[in-house]
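Numbering (the working numbering), first residue to last: 33 to 491.
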């Protein structure tokens, strides 16, 4: 049996399981060896790294949910696929990865967080959260007799991470077409803020002192520019939402005591504490809630991997784990993503396929999220369409050798000027050794101007 585009026999093609979480920073995966590795281990994610490859220089082209997802699905940069911001969409007929996998003879499914507005109709099966979705008692949209958005199934009293895993397991057990390999996009809502872990994790890290980044407390005089600091640091209180009280408009110090009162002293009032005490309490509340959500992901992946192993499918399944972008975990006293700074731009990327990917690799080639789809298509034996802007890195994973003509820089553009988290719009490139950022200081129509400025970092 030959597939439509390639010459790879069906029996030789892997199942493809693409797992994506939301805002899961690489420094919250213990295989990456960050300050959190000892206190919050992720053994099931680490298994992918130990038995496959971990990539250290994988970058999103726009660190915000919908645009990054659109890049993965289309293998196009946002100025081509049109998903510039959180209003981004990829309509049916344009959901390239699902279309090409189906043409290549794969059964396709999308389960979990979609966040691209239009119906994921190019998949054979879907069960997706509406928009951002809910952590607790989530609802999901399915294909049905009514228009998209009206066919709803509900899971009262359950947590979304558990439900998404259960839905995937149900599909793998009872929704499969025999004789076809599967392509499954399994997307968690977690650990997107505001963080709501399953109740069973409420005591996890409750008494732990979470290691802090040095930049939470000390701003390097060489960090930033007139665009992010002002000529005399007058913009520091207003650019980038904060952990402590630096930004008076929006901070975790302002938000988290209302959302998670049990994480703070009884009758907590910031006026009763020093700035340092307030920042430390907000930081610890933030990290505890975030890492509890990560713990839920890792435990559920253990269930998923166990099923694949028990059913004899694990070693014939290409498993990729990534996130739609990174996340600031207090670095530079920032929360959220959006920035081109390392913690936000870098995506985790772990991959396991023992039939062709050697175990224990740690690779530093520059990879962008537009490269994911071509790589999966090549593993599937399908020819990529001409619309793709990314390039497969299958040979890198299989040999550990960066191709001689491989890219030496990653492109970045964040469009949502001063929206939600007070981040100025910017564009830039990153190589293995340097990062150049230009803050152009205005929104789409040239309004809401902030000072333009350049930043160059020797990494």
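Virtual Cβ for every residue (Gly too), placed ideally from N, Cα, C.
Residue j beta carbon less than 8 Å from that of residue i
i	j	result
residue 49	residue 199	no
residue 435	residue 259	no
residue 469	residue 442	no
residue 89	residue 102	no
residue 402	residue 95	no
residue 92	residue 229	no
residue 391	residue 65	no
residue 57	residue 72	no
residue 242	residue 320	yes
residue 162	residue 181	yes
residue 296	residue 317	yes
residue 275	residue 365	yes
residue 363	residue 247	yes
residue 78	residue 125	no
residue 269	residue 278	yes
residue 424	residue 406	yes
residue 80	residue 382	yes
residue 305	residue 367	no
residue 138	residue 412	yes
residue 257	residue 472	no
residue 197	residue 335	yes
Which residues DSSP lists as bridging residue i, in chain order
i	result
residue 459	445, 470
residue 139	214
residue 393	85
residue 144	160, 219
residue 168	191
Three-state class that DSSP yields for residue i in the structure shown
i	result
residue 59	helix
residue 70	coil
residue 230	coil
residue 381	strand
residue 311	helix
residue 350	strand
residue 14	Lying before the first or after the last residue shown, residue 14 is absent from the chain, which here runs from 33 to 491.
residue 364	helix
residue 437	coil
residue 209	coil
residue 402	helix
residue 274	strand
residue 344	coil
residue 322	helix
residue 339	helix
residue 44	helix
residue 465	coil
residue 196	helix
residue 480	coil
residue 79	helix
residue 133	helix
residue 306	coil
residue 316	helix
residue 371	coil
residue 155	coil
residue 180	coil
residue 300	coil
residue 249	coil
residue 255	coil
residue 294	helix
residue 422	coil
residue 407	helix
residue 267	coil
residue 35	Bear in mind that the predicted position of residue 35 carries a pLDDT of just 36, short of 50, making it too unreliable to give a figure here.
residue 376	helix
residue 65	coil
Residue i, enclosing beta strand (DSSP E) - first and last residue
i	result
residue 171	171 to 174
residue 52	47 to 53
residue 186	184 to 186
residue 486	485 to 490
Bounding residues of the alpha helix (DSSP H) (the contiguous stretch that carries residue i)
i	result
residue 291	284 to 291
residue 4	The chain is shown from 33 up to 491; residue 4 falls before or after that span and cannot be answered.
residue 281	Neither: residue 281 is in no alpha helix (DSSP H) and is coded neither H nor E.
residue 261	258 to 261
residue 431	426 to 431
Short CB-CB distance (under 8 Å) between residue i and chain E
i	result
residue 356	Within the model displayed, chain E is absent; a lone protein chain is all it includes.
Quick check on the DSSP output: what are the complete alpha helix (DSSP H) runs of length 4 or more inside the stretch 84 to 131, in order along the chain?
List check, alpha helix (DSSP H) in window: 97 to 106, 110 to 113.
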